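Each remark here refers to the structure printed beneath this line.
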Amino acid sequence: MKLWNAIIFLSGLLSIGMFQRCAPERKEPTLFERVDSSATHIGFVNVVPEQLGKLSVVEYLYYYNGGGVATGDINNDGLVDVFLVSNHGANKLYLNKGNFKFEDISHDAGIEGFSEWKTGVTLADVNGDGWLDIYVCALGNFNGLEGSNELYINNHDKSFTEQADRYGLDFSGMATQSAFFDYDHDGDLDLYLLTHAKHVARSYDRAMGQTLTDHAAVDHLFRNDNDTFKDVSVDAGIDTASLSYGLGLSIGDLNNDGWEDLYVGNDFYEGDEVYINQQNGTFKEQGKNFFDYFSRYTRGSDIADINNDGFDDVMTLDIRADGDALEKVTITEDPWELFSYKKSYHYSPQFSHNALQINNAGKNFSEQSISAGVYATGWSWSTLLADFNNDGQKDIFVTAGIPKALNDLDYLDFAHKDSLRYAVDLSDVHRKKAFDMMPDGRATSRIFENIDGTHFQDRSQPWGTDLPGYASGAVYADLDNDGDLDVITNTINGPAAVYKNHTRENGNSNYLTVRLAGEGKNTAGIGAVVHLFVKGTQQKLQVMPTRGFLSAVSTDLFFGLKDRATVDSLIVQWPSGKTQKLEGLKSNTTLVIDEKTASLKKPLLPRVTERGLFEEGPTQPYRHKENEYFDFYREPLIPFLVSREGPALAVGDVNGDGREDYYVGGAKHQVGALFLQQGDGSFQPHRQPAFDKDAVFEDVDATFVDVDNDKDLDLYVVSGGNEFYGTMENQQDRLYRNDGQGNFSRDEAALPKLLQNKSCVRPCDIDKDGDIDLFVGGRIVPFQYGTPASSFMLINDGHGKFTDQSIHYPGMGALGMITDAQWLDIDKDNDADLIVAGDWMPVRLFINENGTLKESSLLDDTSPIKNLNGFWKGLAAGDFDNDGDVDFAAGNLGFNSVLYAGYKTLWLFQTDIQLPGKRSLSITARETFDGKVYPLAQWSEMMSVMPDNFKEIFPTHKSYSKITMEDLSKQIGFSYPAKASVDQFASLYFENRNGKFIAKALPDAAQRTKIFSIVAKDLNGDGHEDLLLAGNTTAASPLQGAYLAGRGTVLLGDGKGSFLAATANATGLTDRKEVRNIKPILLGNGRRGFLFAHNNDSLQLRILAK
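For the sequence shown, position 208 matches number 208 in my numbering, and the numbering has no gaps at all.
As structure tokens, this is what we get:
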């Protein structure tokens, strides 16, 4: 927290001057053309001087947030007009005269404003007379500033009268932005007002913050009671106690219940707030129930259906730098210790990057910005989700740039100095030095083309938005009514940018504009949802002006239709509950729909079925509880914890009653437990004293197997974890013998000493002597991440006593950092071959030749995928193409990872730098596509483990930011003789072709998170084997954030080796927890169940629907 305290108290120690760089010359035509103000006559410039009277970044951290922009037809002539906010100058209103010509009518219109500092703006018909009014937010009651929010009522003659006081909306405080919407569906427009807290020391004490109330610095909900707005915040459930720094405000139907919900984006430590409409005039904050984590420094936001599945998705912006060098000189994530501390005080999880939250059928959201390619856009402000190329898919527009980057780490180190930290009267010398240390945060507006609803491509340069500056507020609108969306941005110390869209001129693309006319006082139908259907596809838009950052768009809805000349049907859902359907509509027109023609009060859309493939069974009584141990304390630069890989899970009928039971393993100091299935399919604990004695072990895998041929299942439990150093007895595996009735006793003489960290056990009669032998996979040497532990081949003497015969199986000692293995008859010779998988290694194949295992190349020469070094976990086999041999699937890290995004290869180097305890320092590094390898760690992380000369050679974050591993090793003086790499991040399907395999990437739904477990079964009863996958983990280094986008994935096989991902609604899976294991279990009532074992949480039984 000290880092951001420095920003609060000292970021304003500087005065900032700005200048506008000339735009680069364009040689090729682009999608957007920036039209000069000499042509548009929009000559607006938001001038923000270094110092404005008593106001600067010293007194007001958000001094450089910029101003908003809003569009709407203020004179009802069919053309969209433009309003631009000036922070301290005169606001401007430009009347659209057609053909991209505008007239400045600001003075005569009477809207230039009286407040000394203005921020956001929205246009809405506040009094329901059919004419747009203007509401401007302002700063007031702060540092001597005079001002309050301003409401300009339309006089129907291109002039306005300020009447905020009359309507009860003359709020004076820390206002950011507002949104008009009918939250109670009574037919008129209510108002949500977004504010931010004042920056004081106690703002960072969460406990105190919860008890403080500052009317001027908390959000407010105003209910419209006959044109008088009443503050109903407390009664409606809006939090008026916490001191949040609200910058983003979006409204949409997050849970798909037909009522508008609120998404409030907060800067700094306080997580974003999600208010779900309770349909009774109140809201309930349920952010943690719907979202796994939020952006850390949330700026602007938008809500729209980004993947055309009928559900609203959410995007928020942050300030994460784009690129390795910039990332190393700016704030990214908290150190692990601070992150853990904040978590213990119930802070909402936050990570410093943009967030693209994909809606899982209205139940919750999965954050997928990294795999989508939109997670880092620098110091960003406004995001707009709209179809800019008329292809029927919503693209993403982002504004960015700040005159001085307040998150520069070298500046913050300077600001931390005691001589400056709490200074009030700074000398000009100190002020100038602070100013000079902060780099120019000039940036380009970015636009990302929606490729398939899941992936986005940066088109900023070819589409023509890559012009540098400090753009903040932004809107889209069809300014010239030519059938494509133009863009306007409000820019600090530079001309407002007006981008003309040439989509229609450049090719054959169609569109449909929908304009709604509502009954009563909600004349524009704000809150209404329109669904468009054409050729088997759908689009969804909602009338909701407030979008992006400080800004509001026109209420017209724009649908891109690509080459479709007609629309099959259009369904309108009005806030009043009325619905209507129109069919056979022509394209390339503006369609006006009047609510008066809507008579139906019943749903016209197909009801989303609540029944999926799986039903939730009872939560099981055992709760896995991790011990508090963090590998990063001893090995700060490793990418993942290895101490959080449980719980173990095994299924089998242990008491011979014909019903399958299960064992679940505990973490260190937690007793594992046995549960016996009852006749009704429930499970009851069956206490085992032998287990009680072994609570000190960390159980990471287990299997029921008859080791002594006495016709009952014994239990083998693998010990793992990374907290046991050297050859401690706590790492010994255990064999428990069954008395036939489900009572177990440990046989300590049955196993050789296996005193190391292990991962898995896989039974097989390798020598074909009629008893079960065991392969035990070695994980890593504790405290030496990157050094594989030995794997073992344990041979059974026929009575359940095992000897280590690994020496007779070459390669067992150097298989790799094993996480999983499978015995499969790959070559169809009636013996079991071995496939092993792990971290920093390829999937490896060992063919059984008369009891001897010999490594064989896995891939066929024709395999399109050649690179196989990955973070593998979860192997599942089956005949997925129905050709009579065995294929398999393997889980991996996936694409939603900063280790993958934009890089060619991930490297792990073991150096000769010695850490305490004679341990070698491991360094993770990323290789770019030009062959340069950069360490992943930030300067502060590296300094904590490097020799003393590191700080002398690299005294600043900037001096270290562009250093390669080669440079680092030469200048510091160390070598890195051992290395491993990862060049494959996708979870893959391996199709058997005569004993060799063709590797193919599984569908995108399988690539959203780190996979830990896969099960192969026919889940939908079509006779073809399907895949059930699950994972998620928070056991990653802080820079990576968390891998939590998985909800449980079902891939339906077609019997030909291809898979189709079932939708979240079709599966019924909503598992947000960290799954480590899935086991099928046959229930006594004849139904098929699946046990999901969660790290640090309860087991969950899920049952296939009848």
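Ideal placement from N, C-alpha and C gives every residue a C-beta, glycine not left out. Bear in mind that the values here come from a model prediction, so they are computed numbers and not experimental data.
- [ ] Would you grab the beta carbon distance between LEU1037 and PRO639 for me? Rounded to a whole angstrom, and I think it's under 8 Å.
- [x] First, the amino acid is wrong: residue 1037 is Ser here, not Leu. 5 Å between Cβ atoms; contact.
Task: Start and end residues, alpha helix (DSSP H) containing TYR960 - done: Boundaries of the alpha helix (DSSP H) harbouring TYR960: 957 to 961, taken from the DSSP string.
Task: Unbroken beta strand (DSSP E) run spanning TRP381, endpoints - done: Counting along the chain, the beta strand (DSSP E) containing TRP381 begins and ends at 380 to 386.
- [ ] For LYS394, count neighbouring Cβ atoms within 10 angstroms of its own Cβ and tell me buried if that reaches 16, exposed if not.
- [x] By the neighbour-count rule (16 or more Cβ atoms within 10 Å), LYS394 is buried.
- [ ] Report the three-state DSSP secondary structure of GLU33 (helix, strand or coil).
- [x] The answer is strand: DSSP assigns GLU33 an E or B state.
- [ ] State the Cα-Cα distance for the pair ALA109 and SER369, rounded to the nearest angstrom.
- [x] Going by C-alpha positions, ALA109 is about 43 Å away from SER369.
Task: DSSP three-state assignment for HIS107, whether helix, strand or coil - done: Residue state, collapsed to three classes: helix.
Task: Euclidean distance between Cα positions of GLY209 and PHE83 - done: Reliability fails at GLY209, whose pLDDT of 41 lies under 50, so the model's placement of it is uncertain and the value that follows must be treated cautiously. A direct Cα-to-Cα measurement between GLY209 and PHE83 gives close to 36 Å.
- [ ] Measure the C-alpha to C-alpha separation of ASN127 and ILE105 and round it to an integer number of angstroms.
- [x] Counting only the Cα atoms, ILE105 lies some 22 Å from ASN127.
Task: Contact set for ASN508: own chain, Cβ-Cβ below 6 Å, skip 5 residues either direction - done: For ASN508, the CB contacts under 6 Å within the same chain, skipping 5 residues up- and downstream, are ASP563 in chain order.
Task: Extent of the continuous alpha helix (DSSP H) to which LEU326 belongs - done: Here the alpha helix (DSSP H) through LEU326 covers 324 to 327.
- [ ] Could you check what DSSP says for ILE972 in three-state terms: helix, strand or coil?
- [x] Helix, per DSSP.
TODO: Could you please give the first and the last residue of the uninterrupted beta strand (DSSP E) stretch that includes ASP820?
DONE: Annotation: the continuous beta strand (DSSP E) that includes ASP820 extends over 817 to 824.
- [ ] Quick one: grab the DSSP three-state call for ARG166.
- [x] In this structure, ARG166 counts as helix in the three-state DSSP scheme.
Open item on the list: Using a 10 Å radius around the Cβ and a threshold of 16 neighbouring Cβ atoms, would you call SER650 buried or exposed?
Closed with: The sequence as given places Ala at residue 650; Ser does not occur at that position. With 16 or more other Cβ atoms inside 10 Å of its own Cβ, ALA650 counts as buried.
Open item on the list: Tell me the residue span of the beta strand (DSSP E) that contains ILE42.
Closed with: Unbroken run through ILE42: none, as it is neither H nor E.
TODO: With DSSP collapsed to three states, give me the class of LYS951.
DONE: In the structure shown, LYS951 sits in a helix (DSSP, three-state: H, G or I).
Task: Contact under 8 Å by Cβ, LEU139 with ALA70 - done: No; because the gap between Cβ atoms is not below 8 Å, this pair is not in contact.
TODO: Classify GLY1145 as helix, strand or coil using the three-state DSSP reduction.
DONE: Residue 1145 lies beyond the residue range present for the chain, which begins at 1 and ends at 1106; the question has no answer from this structure.
Open item on the list: What does the alpha-carbon distance come out to for the pair ASN835 and LEU853?
Closed with: Asn is not the amino acid found at residue 835; the sequence shown has Ile there. Answer to the nearest angstrom: the Cα atoms are 11 Å apart.
TODO: Would you tell me roughly how many angstroms separate the C-alpha atoms of ARG611 and ARG737, rounded to the nearest one?
DONE: Taking the Cα positions, ARG611 is about 42 Å away from ARG737.
Open item on the list: Using only CA atoms, which one of ASN796, GLU628 and GLY672 lies nearest to ASP708?
Closed with: Comparing Cα positions, the closest option is ASN796.
- [ ] Using DSSP bridges, identify the partner residues of MET841.
- [x] As computed with DSSP, MET841 is found in a beta bridge with GLY870.
Task: For ALA443, the residue or residues it bridges with in DSSP - done: In DSSP, ALA443 forms a bridge with GLY469.
- [ ] Enumerate in chain order the residues of its own chain whose CB-to-CB distance from LEU557 is below 6 Å, with the five nearest sequence positions on each side excluded.
- [x] Beyond the five residues adjoining it in sequence on each side, LEU557 comes within less than 6 Å, by CB distance, of VAL514, VAL530 and LEU541 in the same chain, given in chain order.
TODO: Give the straight-line distance between the Cα atoms of LEU1069 and PRO621, rounded to the nearest whole angstrom.
DONE: Linking LEU1069 to PRO621 through their CA atoms gives a straight-line distance of about 20 Å.
Open item on the list: On the DSSP letters alone, give me the boundaries of the alpha helix (DSSP H) that GLY777 sits inside.
Closed with: Where GLY777 is concerned, there is no enclosing alpha helix (DSSP H), although the beta strand (DSSP E) it sits in stretches over 773 to 778.
Open item on the list: At the level of alpha carbons, what is the spacing between LEU676 and ASN869?
Closed with: Going by the C-alpha atoms only, they are around 40 Å apart.
- [ ] Identify every residue that forms a DSSP beta bridge with THR803.
- [x] Beta-bridge pairing by DSSP links THR803 to ILE795.
Task: GLU1074 vs THR1049 beta-carbon contact at 8 Å - done: Taking 8 Å as the Cβ cut-off, GLU1074 and THR1049 do not qualify as a contacting pair.
- [ ] Pick out whichever of ASN522, VAL705, LEU915 and LEU479 has its Cα sitting closest to the Cα of GLY1107.
- [x] Only positions 1 to 1106 of the chain appear in this structure, which leaves residue 1107 out of reach.
Open item on the list: Let me check one thing: in DSSP terms, what residues is GLN910 bridge-paired to?
Closed with: GLN910 is bridged to SER922 and ALA978.
Task: Proximity winner among THR465, GLY548, PHE533 and ALA552, relative to GLY560 (alpha-carbon distances) - done: For the residues THR465, GLY548, PHE533 and ALA552, the minimum Cα distance to GLY560 belongs to PHE533.
Task: Pick from LEU604, LYS801 and ASP661 that is closest to LEU751, judged by C-alpha positions - done: Nearest of LEU604, LYS801 and ASP661 to LEU751, Cα basis: LYS801.
Task: Buried versus exposed, by CB contacts within 10 Å (16 or more), HIS346 - done: Result: exposed.
TODO: Grab me the residues of GLU147's own chain with a C-beta within less than 8 Å of its C-beta, minus the 5 sequence neighbours each way, in chain order.
DONE: Here residue 147 is Gly; the residue named in the question, Glu, does not match the sequence. Spatial neighbours of GLY147 in its own chain (CB-CB distance under 8 Å, excluding positions within 5 residues in sequence) are listed in chain order as PHE114, SER115, GLU116, TRP117, LYS118, ALA138, LEU139, GLY140 and SER172.
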